[in-house]
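A.B. asks: In the numbering used here, the protein residues as written are 87 to 459.
#1: Can you give the Cα-Cα distance for residue 143 and residue 363, rounded to whole angstroms?
#2: Could you pull out every residue in the same chain whose Cβ sits closer than 7 Å to the Cβ of residue 104, ignoring the five residues on either side in sequence?
#3: Given a threshold of 16 other Cβ atoms within 10 Å of its Cβ, counted over all protein chains shown, does residue 112 qualify as buried or as exposed?
#4: Go through its chain and collect everything with a Cβ distance to residue 205's Cβ below 7 Å, but skip five positions before and after it.
#5: Run through DSSP, which three-state label would residue 246 get?
#6: Rounded to whole angstroms, what's the CA-CA distance from residue 262 to residue 324? Just pull it up for me.
#7: Buried or exposed: where does residue 120 fall if 16 or more other Cβ atoms within 10 Å of its Cβ makes it buried?
#8: Just curious, the beta strand (DSSP E) that residue 231 is in, first and last residue?
#9: Are the CB atoms of residue 371 and residue 314 within a distance shorter than 8 Å?
#10: Assuming residue 181 is part of the alpha helix (DSSP H), what are its boundary residues?
#11: Look at the Cβ atom of residue 116, then the Cβ atom of residue 311, and state whether they are nearer than 8 Å.
#12: Going by DSSP, name the residue or residues bridged to residue 205.
#13: Would residue 361 be called buried (16 or more neighbouring beta carbons within 10 Å of its own) or exposed?
#14: Tell me the DSSP secondary structure of residue 292 in three-state form.
#15: With 16 as the cutoff for other CB atoms within 10 Å, does residue 133 come out buried or exposed?
#16: Since residue 233 and residue 252 should fall inside the 8 Å C-beta cutoff, what is the C-beta to C-beta distance between them, to a whole number of angstroms?
#17: Do residue 385 and residue 118 have their CB atoms nearer than 8 Å?
#18: Just to confirm, are residue 322 and residue 271 a CB contact at a threshold of 8 Å?
#19: Rounding to the nearest angstrom, what Cα-Cα distance links residue 203 and residue 290 in this structure?
#20: If we ignore side chains and look at the alpha-carbon of each, how far apart do residue 318 and residue 186 end up?
#21: Kindly list the residues whose CB is nearer than 7 Å to the CB of residue 101, restricted to its own chain and excluding five residues on each side of it in sequence; keep chain order.
#22: Thinking just about the alpha-carbon of each residue, which of 197, 383, 228 is nearest to the one in residue 210?
#23: What first and last residue would you give for the alpha helix (DSSP H) that runs through residue 112?
#24: Ends of the alpha helix (DSSP H) at residue 262?
#25: Going by other Cβ atoms of all chains shown within 10 Å of its Cβ, with 16 needed for buried, is residue 250 buried or exposed?
#26: Expressed to the nearest angstrom, what Euclidean distance is found between the alpha-carbon atoms of residue 339 and residue 241?
#27: Assuming residue 248 and residue 214 make a contact with CB atoms under 8 Å, what is their CB distance in whole Å?
#28: List the endpoints of the continuous alpha helix (DSSP H) containing residue 372.
#29: If the criterion is Cβ atoms closer than 8 Å, does the pair residue 283 and residue 237 meet it?
#30: Taking C-beta to C-beta, are residue 217 and residue 268 nearer than 8 Å?
#31: By how many angstroms is the C-alpha of residue 208 removed from the C-alpha of residue 383?
#32: Alpha carbon to alpha carbon, what distance is there between residue 381 and residue 387?
#33: Which word fits residue 286, buried or exposed, when buried means at least 16 other C-beta atoms lie within 10 angstroms of its C-beta?
#34: Would you decide whether residue 260 is buried or exposed? Buried here means 16 or more other CB atoms lie within 10 Å of its CB.
#35: For residue 381, does the three-state DSSP call read helix, strand or coil?
Structure representation (structure tokens):
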């Protein structure tokens, strides 16, 4: 099976799974739903490890012979059509553009981080280390202070930095400050910055697929909801004070955007979203419901089994005749020959000619279905 076919099959399977998850938005806990949406994203770049050869006899009992079958019979590789080459080239060019854009954005962010932020004072660093230890972390990310923006985590697997705006430390009381720090450290503990790297890899391959951007948006929303649960769970911060602090952070960020004083953040950042519907749901979960911060052991086993089925054991039909082509030619009333440039139907009287032509043909096979007498 070619990479081109695998790409389309993965896109179809991931999109189908995303449509199944859509009505579960208000019925499943955020941690569980986040794991399921992560499966959607991983499926896009997971090759099918188990394929089932499928004889396609849909059309009047005929057999489809794929280009793989024909190349096996002829010993020649059937070339791609011009349209296929154009599509593959467009796909590759788009992928390169996405990679270059993400690298430039990350480089610009790191330069801005170095020029406009400062190392956190010792008391803030110690506070972050204490909160990280309370979350079960053996180490904490580096901490930088910025003049504007929202608190966010930037990183890749193995390295991360926590950026805290000075305005947050100046406006909120100590409990609310700790609540926001716990929120950002929850992103670090959950390894959400690892998912940012995965997102860029998937975007580079499936930049053209709406399911990619859809899954990324859902993942970031659910990550914030789960981190809110970490922030208010076993914490001295009051739910109402934390919710008011969240509104304050979003309001100041929108004000900064309106005057052009923003801290540009690339795709590798986990930061607060200001979309009204997303913010409203977060506030409702904070004030009214108990947010499940982590997966239970039972749910983890179920999600793991589902992931194994989807990512490893999901059968993908292979459009190749289940029987050898020679046997199919002998038994069936006609043969449907499918390859990149033509499709032809051969009635049984022509089978002898087909068997003679296939081993030596170098160009598309065509048959005259209405031969002149």
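Heads up, the beta-carbon is just placed ideally off N, CA and C, and yes, glycines get one too.
C.D. replies: By the coordinates alone:
#1: Indexing the chain shown from 1 puts residue 143 at position 57. Indexing the chain shown from 1 puts residue 363 at position 277. Caution applies to residue 143, whose pLDDT of 45 falls short of 50 and renders its modelled position unreliable; the model cannot decide the point.
#2: Against the chain shown, residue 104 aligns to sequence position 18. So the qualifying residues of the chain are 126, 297, 300, 301.
#3: Residue numbering aside, residue 112 sits at position 26 when the chain shown is read from its first letter. Burial call: exposed.
#4: Taking the chain shown and counting its residues from 1, one reaches residue 205 at position 119. Excluding positions up to five away in sequence, the list reads 230.
#5: Along the chain shown, read from residue 1 onward, the residue named residue 246 stands at position 160. Note: residue 246 maps to strand in three-state DSSP.
#6: Start at 1 with the first residue of the chain shown, and residue 262 comes out as number 176. Start at 1 with the first residue of the chain shown, and residue 324 comes out as number 238. Straight-line spacing of the CA atoms in residue 262 and residue 324 works out to 8 Å.
#7: Within the chain shown, numbered from 1, the residue matching residue 120 stands at position 34. In summary, residue 120 is buried, with 16 or more beta-carbon neighbours lying within 10 Å of its beta-carbon over all protein chains present.
#8: As a first step, residue 231 is located in the chain shown; it is residue number 145 there, counting from the start. Run containing residue 231: 228-232, per the beta strand (DSSP E) assignment.
#9: On the chain shown, position 228 is the one that residue 314 refers to. On the chain shown, position 285 is the one that residue 371 refers to. The answer is yes: Cβ separation under 8 Å.
#10: Translated into positions along the chain shown, residue 181 becomes position 95. For residue 181, the enclosing alpha helix (DSSP H) has its first and last residue at 168-202.
#11: On the chain shown, position 30 is the one that residue 116 refers to. On the chain shown, position 225 is the one that residue 311 refers to. A contact, by the Cβ cut-off of 8 Å.
#12: Along the chain shown, one-based indexing puts residue 205 at 119. Looking at the DSSP assignment, residue 205 forms a beta bridge with 230.
#13: Indexing the chain shown from 1 puts residue 361 at position 275. Around the Cβ of residue 361, a 10 Å sphere holds fewer than 16 other Cβ atoms; the residue is exposed.
#14: Taking the first residue of the chain shown as position 1, residue 292 is located at position 206. Shown here, residue 292 sits in coil according to DSSP, grouped into three states, outside any helix or strand.
#15: Indexing the chain shown from 1 puts residue 133 at position 47. Exposed is the call here.
#16: Taking the chain shown and counting its residues from 1, one reaches residue 233 at position 147. Taking the chain shown and counting its residues from 1, one reaches residue 252 at position 166. The Cβ separation is near 6 Å, so the contact holds.
#17: Stepping through the chain shown from its first residue, residue 385 is reached at position 299. Stepping through the chain shown from its first residue, residue 118 is reached at position 32. In this structure, residue 118 lies closer than 8 Å to residue 385 by Cβ.
#18: Taking the chain shown and counting its residues from 1, the one referred to as residue 322 is at position 236. Taking the chain shown and counting its residues from 1, the one referred to as residue 271 is at position 185. Not a contact, by the Cβ cut-off of 8 Å.
#19: Mapped onto the chain shown, residue 203 falls at position 117. Mapped onto the chain shown, residue 290 falls at position 204. If you take the alpha carbons of residue 203 and residue 290, they lie about 30 Å apart.
#20: To locate residue 318, count along the chain shown from 1; it is residue 232. To locate residue 186, count along the chain shown from 1; it is residue 100. Residue 318 and residue 186 have their C-alpha atoms spaced approximately 39 Å apart.
#21: Here residue 101 corresponds to residue number 15 of the chain shown, with the count starting at 1. Answer for residue 101: 297, listed in chain order.
#22: Numbered from its first residue, the chain shown carries residue 210 at position 124. Out of 197, 383, 228, the CA that lies nearest to the CA of residue 210 is found in 228.
#23: The sequence position of residue 112 within the chain shown is 26, counting from 1. No alpha helix (DSSP H) contains residue 112, which DSSP labels as neither H nor E.
#24: If you number the chain shown from 1, residue 262 lands on position 176. Where residue 262 is concerned, the enclosing alpha helix (DSSP H) stretches over 260-275.
#25: As a working mapping, residue 250 is identified with position 164 in the chain shown. Buried.
#26: On the chain shown, position 253 is the one that residue 339 refers to. On the chain shown, position 155 is the one that residue 241 refers to. Rounded to the nearest whole angstrom, the C-alpha separation of residue 339 and residue 241 is 21 Å.
#27: Position 162 of the chain shown, counted from the start, is the residue given in the question as residue 248. Position 128 of the chain shown, counted from the start, is the residue given in the question as residue 214. Right, the Cβ-Cβ distance comes to about 7 Å (below 8 Å), so this counts as a contact.
#28: As a working note, residue 372 is residue 286 in the chain shown. Per DSSP, residue 372 belongs to the alpha helix (DSSP H) from 362-374.
#29: Position 197 of the chain shown, counted from the first residue, corresponds to residue 283. Position 151 of the chain shown, counted from the first residue, corresponds to residue 237. The answer is no: Cβ separation not under 8 Å.
#30: The sequence position of residue 217 within the chain shown is 131, counting from 1. The sequence position of residue 268 within the chain shown is 182, counting from 1. Cβ atoms of residue 217 and residue 268: closer than 8 Å.
#31: Indexing the chain shown from 1 puts residue 383 at position 297. Indexing the chain shown from 1 puts residue 208 at position 122. Their Cα atoms are separated by approximately 38 Å.
#32: For this step, residue 387 is matched to residue 301 along the chain shown. For this step, residue 381 is matched to residue 295 along the chain shown. Near 9 Å, if we compare the C-alpha coordinates of residue 381 and residue 387.
#33: By one-based count along the chain shown, residue 286 stands at place 200. Buried, since its Cβ has 16 or more Cβ neighbours within 10 Å.
#34: Numbered from 1 along the chain shown, position 174 holds the residue referred to as residue 260. Counting Cβ neighbours within 10 Å, residue 260 comes out exposed, since fewer than 16 surround it.
#35: Here residue 381 refers to the residue found at position 295 of the chain shown. Here residue 381 sits in coil by DSSP.
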